[in-house]
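These notes concern the structure reproduced below.
Numbering (the working numbering), first residue to last: 56 to 324.
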């Protein structure tokens with residue numbers, strides 16, 4: 056495919072009028088600004104009516120789609136508002152492939168940098184609102200995949216699957232865009248779940264280990280977005296090792312390693 060063709064990408068698209076909660080000088084929520092090579096969409100609104108955004112880079116003749124999601128938890132139990140580190144990785148991924156779309160080969164890339172903007176922006180806890188959304192529900196326990204009710208703290212659910220607007224947004228994106236590959240990025244448990252080939256790239260890059268399914272029960276990825284998504288696509292949940300600080304995350308080149316993983320997936324899967 057000619058390089059010039061690869062550089063002819065979609066114009067910025069605004070799907071909904073953008074709304075957001077007020078932000079202060081100490082905001083941790085820094086979402087990538089749209090670029091001319093990137094299709095930008097507001098795909099819905101959080102419980103506090105904050106815009107949730109996606110960024111798409113699509114070669115003209117793509118034949119598969121990869122969806123990447125970040126910061127489902129505003130607090131990941133490392134340091135305060137450490138979900139911002141995941142948003143930073145997402146922004147770096149967008150910048151890299153917006154500047155070099157040919158590296159995606161024939162893959163359309165959709166990135167959602169922050170699934171839980173309320174938790175990151177105004178949340179205060181890794182056991183309640185912060186990790187959870189503004190309803191106090193863990194978004195990653197809100198999917199209709201071997202779902203079970205839980206009333207406790209950091210894993211609290213609603214009364215039924217898809218009780219949060221954030222989970223509903225992810226569901227709708229998957230059903231609408233029909234991605235072939237779905238990867239949900241988290242921190243900081245230093246492990247991976249899901250598709251063996253996808254997790255292998257991550258495990259080699261970050262020296263982590265894949266959690267294997269227990270064939271005796273249905274608890275593997277139960278309630279998780281990646282578990283639910285596995286019914287529709289090859290999926291994985293990737294837990295970065297704990298870098299302890301944002302600066303360490305940068306120094307350890309988490310973004311570059313993630314970009315390299317995406318390159319390999321585009322080339323080899």
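The beta-carbon is built from N, C-alpha and C at its ideal position, and this holds for glycine as well.
For clarity, every value in this text was computed on a predicted model and none was experimentally measured.
Query: Residue 335 burial status per 10 Å Cβ neighbour count (16 or more: buried); Result: Absent from the model: residue 335. The displayed extent of the chain is 56 to 324, so no value can be given.
Query: Cβ pair residue 266, residue 198 closer than 8 Å; Result: no
Query: 6 Å Cβ shell around residue 276 - same chain, five flanking residues per side excluded; Result: 248 and 282
Query: Cβ separation of residue 193 and residue 204, assumed to be a contact under 8 Å, to the nearest whole Å; Result: Contact flag wrong, Cβ pair sits at about 12 Å.
Query: N-terminal and C-terminal residue of the beta strand (DSSP E) that residue 96 is part of; Result: 94–100
Query: Of the listed residues 264, 99 and 237, nearest to residue 290 (C-alpha basis); Result: 237
Query: Neighbourhood of residue 214 by C-beta distance below 8 Å, restricted to the same chain and skipping five residues each side; Result: 204
Query: Whether residue 375 touches residue 101 by CB criterion (8 Å); Result: Past the edges of the chain, shown from 56 to 324, lies residue 375, and the structure says nothing about it.
Query: C-alpha gap between residue 280 and residue 170, whole angstroms; Result: 11 Å
Query: Host beta strand (DSSP E) of residue 164 (start-end); Result: 162–167
Query: Nearest-angstrom Cα separation, counted from residue 98 out to residue 80; Result: Because the pLDDT of residue 80 is 35, which lies under 50, any placement of that residue in the model is unreliable, and the number read from its coordinates should be weighed accordingly. Roughly 26 Å separates the two Cα atoms.
Query: Inter-residue Cα distance where the pair is residue 302 and residue 139; Result: 12 Å
Query: Where residue 324 sits in the DSSP three-state scheme; Result: coil
Query: Which of helix, strand or coil DSSP assigns to residue 243; Result: strand
Query: Minimum C-alpha distance to residue 262 - residue among 323, 313 and 206; Result: 313
Query: At least 3 beta-carbon pairs within less than 8 Å: the stretch 252–261 vs the stretch 141–149; Result: no
Query: C-beta atoms of residue 306 and residue 243 nearer than 8 Å; Result: no
Query: Extent of the continuous alpha helix (DSSP H) to which residue 120 belongs; Result: Not the alpha helix (DSSP H): residue 120 falls in the beta strand (DSSP E), residues 119–124.
Query: Contact the stretch 123–140 vs the stretch 169–183: 3+ CB pairs below 8 Å; Result: yes
Query: Best match in 96, 159, 271 and 200 for proximity to residue 114 [C-alpha to C-alpha]; Result: 159
Query: Closest residue to residue 189 among 104, 225, 227 and 246 (Cα-Cα distance); Result: 104
Query: Buried or exposed (CB count within 10 angstroms, at least 16 for buried), residue 286; Result: exposed
Query: Residue 320 versus residue 284 - alpha carbon distance; Result: 18 Å
Query: Check whether residue 292 and residue 239 have beta carbons under 8 Å apart; Result: yes
Query: Cα-Cα separation between residue 226 and residue 202, rounded to whole angstroms; Result: 15 Å
Query: Three-way DSSP call (helix, strand, coil) for residue 284 in this model; Result: helix
Query: Distance, residue 174 Cα to residue 216 Cα; Result: 19 Å
Query: Cβ-based burial, residue 118 [other Cβ within 10 Å; buried from 16]; Result: exposed
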